[in-house]
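Residue numbers (this note's numbering), protein chains in the order written: chain A, 3 to 141; chain B, 39 to 246. Idealized CB from N, CA, C, for every residue including glycine.
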Amino acid sequence: MSLSLNDKVKNLLELIADDWGESSPQYSACSDIIDYISSNNYEQVAHMTLGSISKVISIEIEMKLLLECLQYLSGSRIKVLKVSFELIDDEDNCFALSSSDVKEATKTGKLAHPEFGCLIPEPSKHIFPVYSPRLESVN
Amino acid sequence: MSLRKLSLEDLMQDKSLLPEQFQSFLDMATMESYEEFLNRLNADVDAAIADLESNRHLLQNDSEDRLSVNIISYLKAKGYNAYHDVQHGGHVDIYVDFKKFKWLGEAKIHKSYDYLMQGFDQLCTRYAEGADLNSHGGLIIYIKISKAADVVFEWKKRLESGSLDELTTTECKSKPNAFVSCHKHSTSGTFYTVRHIPVLLHFKPEDR
Chain A
3 MSLSLNDKVK NLLELIADDW GESSPQYSAC SDIIDYISSN NYEQVAHMTL
53 GSISKVISIE IEMKLLLECL QYLSGSRIKV LKVSFELIDD EDNCFALSSS
103 DVKEATKTGK LAHPEFGCLI PEPSKHIFPV YSPRLESVN
Chain B
39 MSLRKLSLED LMQDKSLLPE QFQSFLDMAT MESYEEFLNR LNADVDAAIA
89 DLESNRHLLQ NDSEDRLSVN IISYLKAKGY NAYHDVQHGG HVDIYVDFKK
139 FKWLGEAKIH KSYDYLMQGF DQLCTRYAEG ADLNSHGGLI IYIKISKAAD
189 VVFEWKKRLE SGSLDELTTT ECKSKPNAFV SCHKHSTSGT FYTVRHIPVL
239 LHFKPEDR
């Protein structure tokens, strides 16, 4: 028998409380994120940026804590989010990047434009992490 | 925090983020190979151990299980699926997986070298099957006595004098005092690698 959405969310929050403690800022931030993605249609939350996620968190948090929570929620234990990366070029064109592209760009500082093949100067300024919900976890 | 789109460069420049935290985020988000998993996990296990060592004055009466739970909690927070005492051919002390990759750890408080050998044998012959994406494990040695380097030296010597099939040992590049052994696993017939990781818990201040 498959669990209802409410039961899935309840189970996730219990796990998060076990891991961080219910009074921790991590619990508060993670539960806000889960509440947001479970109460919206997939299309509305399929492309979340760090900025849009930080907007749904009700407490004031630093980037360090936001990234910590997103790493946790994207991991193998909770499996709520999937992280991917995209390149936005100077003309505002957007391209999905592979993990290998991102590793190469951050390691060597070199990234070829997916369409034109030319090297992109300072590629880290053009690479953006984006998050989508993992359907099996919350929808 | 600004709500505009944030690039990797913005993250690298963020003052609240240490370079290691940024690297951890990037490593976990882009992990594709078992080698990348091991490199990240080794760094995270070492960071968890550094936390334990810095609080060693509070841990003198802690059991193996209690000490290992601290490491597991650290790994859970990083996004690993990590468990204590989970059934995996027996009750393995530390079970970690991430995506399709797996790592097992056996933890012992050093009491005798036979006891360490028992832990090594449990890891290699009971818990680990030595399959492709589970071909590395760890022996975590909690050392509450002084001169941990001597303990590791003697343990390595005894391991090398045993009868493990095609055993080689090398220094661990990322952690002083740790070493790495590799031998042919009896189940898989392929090489199984164990990182032997000392945890320095001796605490005997002599200032009063």
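Should R104/B go down as buried or exposed, given a rule of 16 or more other Cβ atoms within 10 Å for buried?
Exposed, by the Cβ-count rule.
Exposed or buried, what is I59/A when buried is set at 16 or more other beta-carbons lying within 10 Å of its beta-carbon?
That one is buried.
Could you tell me which of H95/B, M50/B and E91/B sits nearest to P236/B, measuring between CA atoms?
Closest by alpha carbon: E91/B.
Suppose contacts are defined by Cβ-Cβ distances below 8 angstroms. Is V132/A in contact with H49/A by that definition?
Yes, the Cβ-Cβ distance between V132/A and H49/A is below 8 angstroms.
Alpha carbon to alpha carbon, how far is S219/B from K247/B? Give it in angstroms, no decimals.
A question about residue 247/B goes unanswered here, because the residues of chain B that appear run from 39 up to 246.
Given 8 angstroms as the limit, is there contact between the region 131-147 of chain B and the region 111-118 of chain B, that is, 3 or more CB pairs closer than that?
Touching, yes, given that three or more Cβ pairs across the two stretches are closer than 8 angstroms.
Taking C-beta pairs closer than 7 angstroms, name the residues in chain B that T108/A reaches, listed in chain order.
Within chain B, the residues near T108/A are L46 and L64.
Indicate whether the contact test is met: 3 or more Cβ pairs, each with one atom in the region 148-161 of chain B and one in the region 75-83 of chain B, closer than 8 angstroms.
No, the region 148-161 of chain B does not touch the region 75-83 of chain B.
If the cut is a Cβ gap below 8 angstroms, which residues of chain B does I18/A touch?
Within chain B, no residue comes near I18/A; the closest Cβ sits about 10 angstroms away, beyond 8 angstroms.
Could you check which residue in I87/B, S54/B and L56/B has the C-alpha nearest to that of P214/B?
Checked all of I87/B, S54/B and L56/B; the closest Cα to P214/B is I87/B.
Report the three-state DSSP secondary structure of M39/B (helix, strand or coil).
With a pLDDT of only 49 at M39/B, under 50, the local geometry of the prediction cannot be trusted, and no value is derived from it.
Cβ atoms of T231/B and S173/B: under 8 angstroms apart, would you say?
Yes, the Cβ-Cβ distance between S173/B and T231/B is below 8 angstroms.
For G200/B, is the classification buried or exposed, using 16 other Cβ atoms within 10 angstroms of its Cβ as the cut-off for buried?
G200/B should be labelled exposed.
Nearest to R79/A by CA position, among L89/A, D9/A, K12/A and L17/A, is which residue?
Of the candidates L89/A, D9/A, K12/A and L17/A, the one whose C-alpha sits nearest the C-alpha of R79/A is L17/A.
Thinking C-beta only, is E93/A closer than 8 angstroms to F130/A?
Taking 8 angstroms as the Cβ cut-off, F130/A and E93/A do not qualify as a contacting pair.
Could you tell me whether any Cβ in chain A is nearer than 8 angstroms to the Cβ of Q160/B?
No - not a single Cβ of chain A is within 8 angstroms of the one on Q160/B.
According to the neighbour-count rule (16 or more other Cβ atoms, all chains shown, within 10 Å of its Cβ), is E192/B buried or exposed?
Answer is exposed; the Cβ neighbour count stays below 16.
Hey, quick one: how far does the alpha helix (DSSP H) through Y74/A stretch, first residue to last?
Start and end: M65 to L75.
Secondary structure at M50/A, three-state DSSP: helix, strand or coil?
It is a strand residue.
What are the residues in the region 23-49 of chain A lying within 7 angstroms of chain B by C-beta distance?
Taking 7 angstroms as the Cβ-Cβ cut-off against chain B, none of the residues of the region 23-49 of chain A qualify.
Taking 7 angstroms as the line, does the beta carbon of S45/B fall inside it for any heavy atom of the ligand PLP?
This structure simply doesn't include the ligand PLP, nor any ligand for that matter.
With H, G and I counted as helix, E and B as strand and the rest as coil, what does DSSP make of Q98/B?
The answer is coil: DSSP assigns Q98/B none of H, G, I, E or B.
What number of angstroms, rounded off, separates the C-alpha of L97/B from the C-alpha of E198/B?
Taking the straight line joining both Cα atoms gives about 31 angstroms.
Mind checking whether V107/B and H148/B have CB atoms under 8 angstroms apart?
Going by C-beta atoms, V107/B is not nearer than 8 angstroms to H148/B.
Which partner residues of D135/B appear in the DSSP bridge assignment?
Answer by DSSP bridge pairing, in chain order: N119/B and K140/B.
Got a sec: which bits of the region 71-99 of chain A sit with their beta carbon under 7 angstroms from any beta carbon on chain B, in order along the chain?
The residues in question are Q73, Y74, S76, G77, S78, R79 and V85.
Counting only beta-carbon separations shorter than 8 angstroms, does V58/A have a partner in chain B?
So no, V58/A is outside the interface.
Provide the residue span of the alpha helix (DSSP H) that contains L49/B, from first to last.
First-last of the alpha helix (DSSP H) with L49/B: L46 to Q51.
So, is T110/A buried or exposed, given that buried needs 16 or more other C-beta atoms within 10 angstroms?
Exposed, because fewer than 16 other Cβ atoms sit within 10 Å of the Cβ of T110/A.
For C96/A, name the three-state secondary structure that DSSP assigns.
Of the three classes helix, strand and coil, the one that applies to C96/A here is strand, per DSSP.
Under the three-state reduction of DSSP, which class applies to F158/B: helix, strand or coil?
Three-state DSSP puts F158/B in a helix.
Secondary structure at R233/B, three-state DSSP: helix, strand or coil?
Strand, per DSSP.
Quick one: list the residues of chain A neighbouring N80/B, beta-carbon separation under 9 angstroms, in chain order.
By Cβ distance, chain A contributes nothing, its closest Cβ being about 17 angstroms from N80/B, past 9 angstroms.
At the 8 angstroms Cβ level, is N3/B part of the contact set with chain A, yes or no?
Lying before the first or after the last residue shown, residue 3/B is absent from chain B, which here runs from 39 to 246.
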